[in-house]
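What follows is a set of notes on a single structure, which appears directly below.
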Amino acid sequence: DQQVKQNSPSLSVQEGRISILNCDYTNSMFDYFLWYKKYPAEGPTFLISISSIKDKNEDGRFTVFLNKSAKHLSLHIVPSQPGDSAVYFCAASGSNYQLIWGAGTKLIIKP
Amino acid sequence: KAGVTQTPRYLIKTRGQQVTLSCSPISGHRSVSWYQQTPGQGLQFLFEYFSETQRNKGNFPGRFSGRQFSNSRSEMNVSTLELGDSALYLCASSSPGLAGRPRENTGELFFGEGSRLTVL
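Here the protein sequences line up with chains A and B, keeping their order.
Position one of the first sequence corresponds to residue 1229 (the working numbering), numbered consecutively onward.
Position one of the second sequence corresponds to residue 7 (the working numbering), numbered consecutively onward.
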């Protein structure tokens, strides 16, 4: 049973437009959420996080939104750039400290 | 400061063999986690070590084991390799919790580049 789901395996967006990556979770005890980005042949790198006490966290072009009632979070990238092409993973954490990861969404930014 | 270092980067084994992978965390990081990444499966958590003790364990068979040394370096071992063990194995380290954040390993993880294992 996947507790963290990224239902879109891939997403294609025009350069300069907004990219929206979605993530759903089932465990209401999760209270910390993170997004990581992964390029081929590299390990994932931390992008942005959000605590359950917030519903929005912004860092430059990246904004994460959390809707606790819907158990849904999304990552917005505005404007999208070619260097944003990568696989994006969302992860969630609860009281046992263990991060549960989604399967990832491959983002392709078209020039 | 130096990042997380994993060795070897690539290796090929045959079914039934065993393999040991090594991970050196960022200096000062005491928590080391291991993940398996396969296409379409995302990152599957193997286990986490903190101060030489296994603190968390994922749902992998006993063929997968690990340990952490006093210098925080960690190794993972897979015995009796199966074809399905072919994957990218990632190690991640994290820093101690900050004041007011008593829980560790809920923040930023720093990943190595991974060890690509192919089982023939």
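Cβ atoms here follow ideal geometry from the backbone N, Cα and C, with glycine treated the same way.
Check	Outcome
In whole angstroms, what separates the C-alpha of L1262 of chain A from that of D1283 of chain A?	13 Å
Of the choices A:Y1260, A:D1252, A:Y1264, A:F1258, whose alpha-carbon is the least far from that of K1334 of chain A?	A:Y1264
Using the three-state DSSP reduction, which class does D1312 of chain A fall into: helix, strand or coil?	helix
I think S121 of chain B touches S37 of chain B, with their Cβ atoms under 8 Å apart; what is that distance to the nearest whole Å?	Between S37 of chain B and S121 of chain B the Cβ distance is about 19 Å, and since that is not below 8 Å, they are no contact.
May I have the straight-line CA-CA distance separating Y16 of chain B from N83 of chain B, to the nearest angstrom?	15 Å
DSSP has M82 of chain B in a bridge; who is on the other side?	B:L27, B:G72
Check whether the Cβ atoms of V125 of chain B and L94 of chain B sit closer than 8 Å, and answer yes or no.	no
Counting only Cβ pairs nearer than 8 Å, list the residues of chain A close to Q47 of chain B.	A1331
What ranges does the beta strand (DSSP E) occupy inside the region 43-68 of chain B, keeping only unbroken runs of at least 3 residues that lie completely in it?	48-56, 59-63
In chain order, what residues of the region 83-102 of chain B put their CB closer than 7 Å to some CB of chain A?	L96
Decide yes or no for the touch test of the region 1274-1289 of chain A against the region 1244-1254 of chain A: beta carbon pairs closer than 8 Å, at least 3 of them.	no
Output, in sequence order along the chain, the residues in the region 1256-1276 of chain A whose CB is closer than 9 Å to any CB in chain B.	D1259, Y1260, L1262, Y1264, K1266, A1269, E1270, G1271, P1272, T1273, F1274
Look at L52 of chain B and Y41 of chain B and say whether their C-beta atoms are less than 8 Å apart.	yes
Could you check the C-alpha separation between H1304 of chain A and Q23 of chain B for me, to the nearest Å?	45 Å
Between the alpha carbons of L104 of chain B and S1277 of chain A, how many angstroms are there, rounded?	Per-residue confidence for L104 of chain B stands at a pLDDT of 44, beneath the threshold of 50, marking its modelled position as unreliable; the derived number appears in the next sentence. Looking at the two C-alpha atoms, the distance is approximately 16 Å.
By the 9 Å beta-carbon criterion, what residues does the region 22-35 of chain B contribute toward chain A?	none
Only counting the same chain, and skipping five residues up and downstream in sequence, which positions put a Cβ closer than 7 Å to that of Q74 of chain B?	V38, Y55, E58, S80
When you compare each of B:Q60, B:A8, B:S85 to G68 of chain B by their alpha carbons, which one comes out closest?	B:S85
Say whether chain B places a C-beta atom closer than 8 Å to the C-beta of Q1242 of chain A.	no
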